[in-house]
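For the sequence shown, counting from 1, position 156 maps to 171 in the working numbering; every step adds exactly one.
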Amino acid sequence: MNTWNKICTLSLVHFMAYPEMQSGEGDFVATIHEIGKRNFFGALELGTINQPAERSNIVQALREYDLQVAYGAQPLILSQNLNLNAFELQPRLNALQTIKYAIDQAAEIGVTNFVILSGKDPGETLRQQAYVILEESILNLGAYALQYGIHIILETFDRSIDKKVLVGPSFEAAEIAKKIRRSMPSFGLLYDMGHMPLLDETPLPALQILQGTLAEVHLGNCVKTPGHTGYGDKHPGFGYQGGVNSTAELVEFIQALFATGYLSKSPATDELPWLGFEIRPQDGETTQHVLDNIQETWQQAWAQIEDLIETGE
16 MNTWNKICTL SLVHFMAYPE MQSGEGDFVA TIHEIGKRNF FGALELGTIN
66 QPAERSNIVQ ALREYDLQVA YGAQPLILSQ NLNLNAFELQ PRLNALQTIK
116 YAIDQAAEIG VTNFVILSGK DPGETLRQQA YVILEESILN LGAYALQYGI
166 HIILETFDRS IDKKVLVGPS FEAAEIAKKI RRSMPSFGLL YDMGHMPLLD
216 ETPLPALQIL QGTLAEVHLG NCVKTPGHTG YGDKHPGFGY QGGVNSTAEL
266 VEFIQALFAT GYLSKSPATD ELPWLGFEIR PQDGETTQHV LDNIQETWQQ
316 AWAQIEDLIE TGE
């Protein structure tokens with residue numbers, strides 16, 4: 016029997032494990048059965064689902080396996096080049112309209128958290144102006160999502176290697192999050208362990224900087240070596256050749272989550288913090304390979320964490 020389910024909820028970023036379904040088409044219910052039968056994950060992070068009937072069937076499948084659900088709009092935003100901090104009005108309005116339609120979809124499957132990302136970084140000179148526009152856009156989306164009881168979550172990405180977006184480094188992300196939370200307390204950030212090296216950050220002090228603003232955390236890997244086939248934000252599995260993160264780094268990251276209060280040995284509420292695995296099959300790999308990699312790495316890491324908890328370290 017696992018002990019982590021009293022401390023956190025493990026989620027799977029579905030659209031990354033099943034990248035062929037990012038278009039919103041496919042047998043989502045069959046994949047939920049595949050995942051549910053593993054009896055490992057407690058939640059799924061889904062993306063675009065085009066067919067209303069499929070959304071209805073998904074709700075039933077989630078209930079069957081007692082899986083919580085969130086919505087990730089990252090593939091939608093990236094594939095359509097949506098920019099919530101665009102200086103031009105029309106592209107920004109288009110981004111807002113498209114994302115609001117996705118919020119409508121998300122409400123149908125019963126999500127509470129809806130994850131977005133910022134638009135392209137305009138450079139140092141125009142950065143503060145872009146932050147003002149982004150804040151306005153997020154507050155706009157938050158007001159719209161409120162009718163469904165949905166919270167807007169902003170995921171941070173790299174600024175200089177792959178996605179090259181505005182948000183961004185943790186110290187800047189924490190600043191804008193605190194500002195937005197004054198008007199929208201339900202807003203929070205999502206920090207991805209797989210993006211951390213691309214931001215030239217480490218678990219500490221990054222997670223200390225983000226204290227009080229984190230709504231979710233993702234676990235994953237990346238490659239920082241230019242010229243490598245996996246270079247950038249391609250989400251390889253733990254221990255991937257040329258990658259940064261393996262079991263040891265996962266243990267260190269989990270320790271930092273405890274040290275900064277995101278995780279607690281004795282959670283104060285029944286709403287446990289989420290740890291979402293964002294891993295994508297690489298060349299020659301299958302989704303089943305990804306799921307096996309996640310489970311094996313997590314179980315190895317958690318065994319070490321349990322030992323540390325028992326010894327009081």
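C-beta atoms are modelled at their ideal positions from N, C-alpha and C, and glycine is treated no differently.
Asked                                                                                                           : Found
Continuous alpha helix (DSSP H) stretch holding Tyr146: start and end                                           : Arg142 to Ala160
Cβ shell of Ala145 (< 6 Å), same chain only, five flanking positions each side left out                         : Asn100, Pro137 and Leu181
Span of the beta strand (DSSP E), counted from its first residue to its last, around Thr86                      : Note on identity: in this sequence residue 86 is Tyr, with Thr being the wrong assignment. Where Tyr86 is concerned, the enclosing beta strand (DSSP E) stretches over Gln83 to Gly87.
Limits of the unbroken beta strand (DSSP E) element including Val130                                            : Asn128 to Leu132
Residues that DSSP places opposite Ser334 in a beta bridge                                                      : Outside the shown range of the chain (16 to 328) lies residue 334, about which nothing can therefore be said.
As assigned by DSSP and simplified to three states, the class of His233                                         : strand
Residue from Trp289, Leu306 and Glu139 with nearest C-alpha to Met31                                            : Leu306
Inter-residue Cα distance where the pair is Asp119 and Phe129                                                   : 11 Å
Residues that DSSP places opposite Gly258 in a beta bridge                                                      : Val238
Meets three-Cβ-pair contact criterion under 8 Å: the region 282 to 294 and the region 37 to 46                  : no
Every unbroken alpha helix (DSSP H) within the region 152 to 226, with a cutoff of 4 residues, ordered by chain : 185 to 198 and 218 to 224
Check whether Gly254 and Ile309 have beta carbons under 9 Å apart                                               : no
Nearest candidate by alpha-carbon position, reference Leu229, set Ser281, Cys237, Arg196 and Asn236             : Arg196
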